[in-house]
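K.L.:
For the record, in the sequence shown the residue sitting at position 56 is 71 according to the numbering used here, with numbers rising by one throughout.
A virtual CB, placed ideally from N, CA and C, is assigned to each residue, including glycine.
Please read these numbers as outputs of a predicted model, since none were measured by experiment.
Pasting in a structure now, in structure tokens, and then I'll have a few things to ask.
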Amino acid sequence: MIKKKIERFKEVLTPTEAAEYLGVSRRTVDRAAEDGKLNKYRINGGQRVFYKKEELEKLFTIED
């Protein structure tokens, strides 16, 4: 059960981690969330914000 929870948390990133992962500024990530282009998630109703890696990749991927 604990391993399952750990695996699930690998799929989310903090705003700073998301910016580093994408190679953009943290402000760019925050702005995408403010504009409604990116969902914010909170784990167990906490105050910390997380983003799903899958959603980040979809939003910031350029298709030819």
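For residue 74 and residue 33, which I take to be in contact (beta-carbon distance under 8 angstroms), what is that distance rounded to the nearest angstrom?
P.N.:
10 angstroms between Cβ atoms; not a contact.
K.L.:
For residue 44, name the three-state secondary structure that DSSP assigns.
P.N.:
helix
K.L.:
Do the CB positions of residue 29 and residue 65 come within less than 8 angstroms of each other?
P.N.:
yes
K.L.:
Please report the residue range of the alpha helix (DSSP H) in which residue 56 lies.
P.N.:
For residue 56, no alpha helix (DSSP H) run applies, since DSSP gives it neither H nor E.
K.L.:
Considering only their Cβ atoms, is the gap separating residue 39 from residue 68 smaller than 8 angstroms?
P.N.:
Taking 8 angstroms as the Cβ cut-off, residue 68 and residue 39 do not qualify as a contacting pair.
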